[in-house]
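Chemist: If you read the sequence shown in my numbering, its first letter stands for residue 15, the second for the next number, and so on.
Each residue gets a CB set at the ideal place from its N, CA and C atoms; glycine is no exception.
All figures in this text were calculated on a predicted structure; none of them were measured in a lab.
Here it is: the structure, laid out below.
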Amino acid sequence: MKRRPAKTDNRLHASIHFSVCFHALRACWATQLLNTGLEASKVMKMGGWSDWETMMRYIRLAGIEIAGATDKLKFERNERPSRVLKLVAGK
């Protein structure tokens, strides 16, 4: 018995509408690589980003949650974490 190719229901395809921009896909791609444990410097090189700030914009767009990442660090009593983060970030 010969099998016929499966028919595609065009109504189903017509009802699915979405749009994705290149930048969102790029951010998702970078996020997935970072989540697998690939070094950030390699992701930056593969993605063609010229500096860390630009790459971090993409990572933030992808929704990587960094809030609370420093909660386990131990600070001096008089030192505020927000001040330390500003010093590290260079802002």
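When you compare the CB positions of Leu48 and Val34, do they come within less than 8 Å of one another, or not?
Modeler: Not a contact, by the Cβ cut-off of 8 Å.
Chemist: Would a C-beta distance cut-off of 8 Å place Gly135 and Ala44 closer than the cut-off?
Modeler: No answer is possible for residue 135: the residues shown for the chain start at 15 and end at 105.
Chemist: Is Cys42 helix, strand or coil by DSSP?
Modeler: Residue state, collapsed to three classes: helix.
Chemist: Using DSSP with H/G/I as helix, E/B as strand and the rest coil, what is Glu67?
Modeler: DSSP places Glu67 in helix when its eight states are reduced to three.
Chemist: Terminal residues of the continuous alpha helix (DSSP H) containing Val57?
Modeler: From DSSP, the alpha helix (DSSP H) with Val57 extends over Ala54 to Gly61.
Chemist: Under 8 Å between the Cβ atoms of Ile73 and Ala41?
Modeler: Yes, Cβ-Cβ distance for Ile73 and Ala41 is below 8 Å.
Chemist: CA-CA distance, Ala54 and Gln46?
Modeler: Going from the Cα of Ala54 to the Cα of Gln46 covers about 11 Å.
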